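Only one structure is covered here, and it is reproduced in the block below.
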Ligand SMILES: Nc1ncnc2c1ncn2[C@@H]1O[C@H](COP(=O)(O)OP(=O)(O)OP(=O)(O)O)[C@@H](O)[C@H]1O
Ligand SMILES: [Mg+2]
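Chains as they are written, first to last, in the numbering used here: chain A, 3 to 202; chain B, 4 to 539.
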């Protein structure tokens with residue numbers, strides 16, 4: 003991993019819109035886990051996002067890799083045999099923008115401008131995760147944005163990830179789930195699906 | 004200290020407001036009848052919890068209940084998807100607006116705004132509303148789950164006729180005793196009490212056969228005990244002041260009318276009584292009983308056009324009356340005069356019936372004495388109005404089994420109906436005690452100033468007690484859920500708003516001490532003497 007500057011640096015923005023940005027990992031398969039809180043900076047504004055999707059694809063669009071392991075005993079053997087493979091693919095992750103920080107204040111809603119291309123993307127350390135999750139206002143963004151994956155999965159993944167920053171994970175999850183119960187009043191099945199995925 | 008319960012979410016002046024409970028507050032800790040304050044934007048409201056319910060944000064939750072054995076799920080859903088609500092009836096404003104600051108609690112004319120915070124009422128709030136114990140106000144009990152004293156303005160109370168209702172064993176007698184002690188101490192009124200079961204004068208019994216002291220033991224100089232049954236009184240070691248005997252000639256047709264149902268008399272038989280009275284004069288009862296089979300009798304009946312069977316029916320009834328042992332051809336003393344003597348001196352009169360607990364004796368005697376005493380009062384009041392004499396002391400006449408006197412069939416004809424209707428024109432009011440208020444004429448019920456209702460479980464009784472009260476359906480649920488004894492819902496004239504109380508304790512040494520020490524200025528000295536005698 004390229005650790006030249008910052009140990010938590012996990013990638014670089016390669017596409018951005020108001021609601022999300024895509025970052026490429028410096029190393030293959032090094033995407034942060036689903037639901038992680040990451041950030042990137044644009045001048046004085048720090049943008050926060052949660053990872054909702056990760057892909058690994060061929061560098062040349064349209065070209066698919068072919069199966070190579072027929073005569074190999076292990077999967078590692080394939081990469082050992084053809085080290086260039088690591089250079090033929092790229093890992094990317096998509097994040098949903100859930101808030102921003104400006105002049106030392108946190109806002110749990112969309113920033114005025116999208117992320118910048120080539121902005122560095124960092125994984126937020128536990129202290130910052132805690133700070134960010136003092137308010138659950140971001141849950142609304144997670145629930146209401148159309149995503150390629152199920153919103154319920156994402157909400158659950160985010161809360162599970164965040165809870166790891168807390169000593170008392172149970173308390174955190176109950177508080178978050180209560181917020182959800184209010185947001186999702188009238189959508190009982192969705193609430194149940196999420197609760198089932200975050201139950202400690 | 005404030006104990007926050009939740010916030011107002013909806014409602015109306017007529018039906019009360021809906022309050023969503025905060026999460027840490029459990030519905031199971033709530034109780035109807037309890038007091039709350041609502042912190043409106045401009046005013047503070049004082050109200051009562053009248054209903055408690057459960058809500059769900061999604062009706063499907065009720066159809067497919069979540070797995071609440073899972074602590075996590077239960078914890079998350081409680082207070083969010085599932086929640087408790089209260090219905091609160093605001094009755095008064097107790098601050099915030101000029102009127103209630105200057106003049107004390109005011110009746111509500113609006114409701115608190117959305118999301119006003121609701122707190123459990125503090126002791127101070129309750130005192131602000133009901134006042135403290137003082138010269139006029141008498142401590143009757145405590146509100147639910149509070150130590151505060153609820154006090155009743157007795158001077159105000161006795162200005163109208165009042166009622167104590169509740170099914171058997173709910174504490175009517177105990178409560179009435181306390182109320183009488185209150186009147187004796189805090190009002191200028193005197194009481195005349197028709198004591199059917201001889202439990203108010205000297206001693207009564209409590210659950211489990213324990214004996215409790217009654218009025219005369221606690222206030223010997225303010226209470227006189229009259230008896231209809233000297234022997235029974237003597238056996239019970241009651242020191243009586245007067246033995247009541249009633250002469251045949253004191254019985255009037257009206258007394259018989261009142262007994263129509265009890266004596267199984269037909270309509271024509273009752274009419275015949277009036278004819279016989281006109282014909283035979285003051286001594287009509289004795290004369291009629293003497294008529295029997297003579298030719299002369301037949302002649303008389305023919306003349307008056309009274310049918311033989313009617314006469315036989317009447318005779319059977321009159322014989323029942325004639326057999327009452329306290330009835331004598333000629334009474335030695337005049338009980339009316341004697342009672343008035345005591346009452347004029349501010350001494351309460353309790354007339355105990357001893358063994359004559361059947362309703363015939365009770366109705367007859369109560370009606371007869373009341374009619375005459377009322378007539379005296381009317382005379383004196385009329386003279387006082389013409390400035391020819393002093394007004395007599397306000398008189399409260401207490402009767403049990405009130406529906407026997409005040410049922411729709413007879414209430415328009417009896418003295419009790421008259422008293423109930425004329426308010427206190429002649430300085431006489433009633434205190435009625437009854438198990439079946441639905442038996443009382445609704446017009447009479449509506450004239451009652453203050454009603455004290457212990458537990459009632461019959462729908463018709465509840466309806467009759469609450470008829471005409473605003474917020475009736477809300478109070479109904481409160482009334483039907485009182486504890487089976489020593490709790491009462493009080494509402495009406497003498498109170499700024501309805502109140503549920505746990506009646507103060509009666510029957511322990513301590514209770515006697517407390518009750519006898521709360522004397523008004525008038526009788527303070529005497530009370531001290533009484534206490535001296537009692538406690539040495
Ligand atoms: N204030 C009180 N203090 C102590 N005990 C009470 C009090 N009120 C009621 N009780 C208890 O409840 C019992 C029943 O009360 P009470 O005799 O007053 O009932 P009631 O309503 O007059 O019944 P009934 O209609 O049969 O005459 C009493 O014997 C007593 O044990
Ligand atoms: Mg009784």
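Note that beta-carbon positions come from the ideal geometry of N, C-alpha and C, so glycine has one too. For clarity, every value in this text was computed on a predicted model and none was experimentally measured.
Quick one: does the C-beta of residue i sit closer than 7 Å to a heavy atom of ligand 2?
i	result
residue 176(B)	yes
Beta carbon of residue i: closer than 7 Å to some heavy atom of ligand 1?
i	result
residue 145(B)	no
residue 519(B)	no
residue 289(B)	no
residue 212(B)	no
residue 509(B)	yes
residue 463(B)	no
residue 154(B)	no
residue 243(B)	no
residue 278(B)	no
residue 209(B)	yes
residue 166(B)	no
residue 441(B)	no
residue 217(B)	no
residue 489(B)	yes
residue 172(B)	yes
residue 506(B)	yes
residue 169(B)	yes
residue 438(B)	yes
Report all residues from its chain with a CB closer than 6 Å to the CB of residue i; omit the five preceding and five following residues, and keep chain order.
i	result
residue 139(A)	110
residue 70(A)	80
residue 320(B)	266, 268
residue 185(B)	141, 157
residue 168(A)	174
residue 233(B)	246
residue 77(B)	71
residue 1(A)	With chain A covering only 3 through 202, there is no way to say anything about residue 1(A).
residue 441(B)	463, 464, 467
residue 474(B)	92
residue 518(B)	184
residue 58(A)	91, 93
Using a Cβ-Cβ cut-off of 7 Å (strictly less than) and excluding sequence neighbours within five positions of residue i, which residues of its own chain qualify?
i	result
residue 4(B)	Unreliable positioning characterises residue 4(B) in this predicted model, as indicated by a pLDDT of 43, which lies under 50. The coordinate reading is nonetheless provided below. The residues are 125.
residue 313(B)	269, 271, 272, 275
residue 323(B)	266, 363
residue 431(B)	377, 380, 398, 400, 422
residue 120(A)	14, 15
Grouping DSSP H, G and I as helix and E and B as strand, with all else coil, what is residue i?
i	result
residue 66(B)	helix
residue 126(B)	helix
residue 377(B)	helix
residue 344(B)	helix
residue 2(A)	With chain A represented from 3 up to 202, any question about residue 2(A) goes unanswered, as that position is not in the structure.
residue 370(B)	helix
residue 212(B)	helix
residue 411(B)	coil
residue 79(A)	helix
residue 28(A)	coil
residue 19(A)	coil
residue 2(B)	Residue coverage of chain B in this structure runs from 4 to 539, which leaves residue 2(B) outside it and unanswerable.
residue 239(B)	coil
residue 225(B)	coil
residue 50(A)	strand
residue 198(A)	helix
Which residues in the same chain as residue i place their Cβ atom closer than 8 Å to its Cβ, once the five residues preceding and following it in sequence are excluded?
i	result
residue 179(B)	167, 203, 401, 434, 436
residue 606(B)	This structure leaves residue 606(B) out entirely; chain B is present only between 4 and 539.
residue 4(A)	Per-residue confidence for residue 4(A) stands at a pLDDT of 45, beneath the threshold of 50, marking its modelled position as unreliable; the derived number appears in the next sentence. Result list for residue 4(A): 11, 28, 29, in chain order.
- Quick one: complete beta strand (DSSP E) runs, 3+ long, within the region 148 to 206 of chain B? 153 to 156, 165 to 168, 193 to 198
- Message: Can you confirm whether the region 135 to 145 of chain B touches the region 17 to 26 of chain B when touching is taken to mean that 3 or more C-beta pairs between the two stretches lie within less than 8 Å?
- Response: no
- Task: Pick out the complete alpha helix (DSSP H) segments inside the region 424 to 493 of chain B, 4 residues or longer, and give them in chain order.
- Result: 445 to 450, 462 to 469, 475 to 482
- Which full runs of the beta strand (DSSP E) of 3+ residues lie inside the region 265 to 349 of chain B, going along the chain? Here no run is fully enclosed.
- At least three beta-carbon pairs within less than 8 Å, the region 453 to 460 of chain B to the region 418 to 425 of chain B: no
- Task: Run through the region 106 to 152 of chain A for me and flag every whole alpha helix (DSSP H) of 4 or more residues, listed as ranges in chain order.
- Result: Annotation: the region 106 to 152 of chain A contains the following complete segments of the alpha helix (DSSP H) (minimum length 4 residues), in chain order: 128 to 134, 141 to 146.
- Is the region 323 to 338 of chain B touching the region 208 to 216 of chain B in the sense that three or more CB pairs, one from each, lie closer than 8 Å? no
- Should the region 144 to 154 of chain A be regarded as contacting the region 51 to 62 of chain B, the criterion being three or more beta carbon pairs within less than 8 Å? With a cut-off of 8 Å on Cβ pairs, the region 144 to 154 of chain A is not in contact with the region 51 to 62 of chain B, counting fewer than three such pairs.
- Identify each residue in the region 184 to 195 of chain B for which the Cβ-Cβ distance to at least one residue of chain D is less than 7 Å, and report them in chain order. In the displayed structure, chain D is absent; the protein chains listed are A and B.
- Query: Any contact of the region 30 to 44 of chain A with the region 87 to 94 of chain A, i.e. 3+ C-beta pairs under 8 Å?
  - Reply: yes
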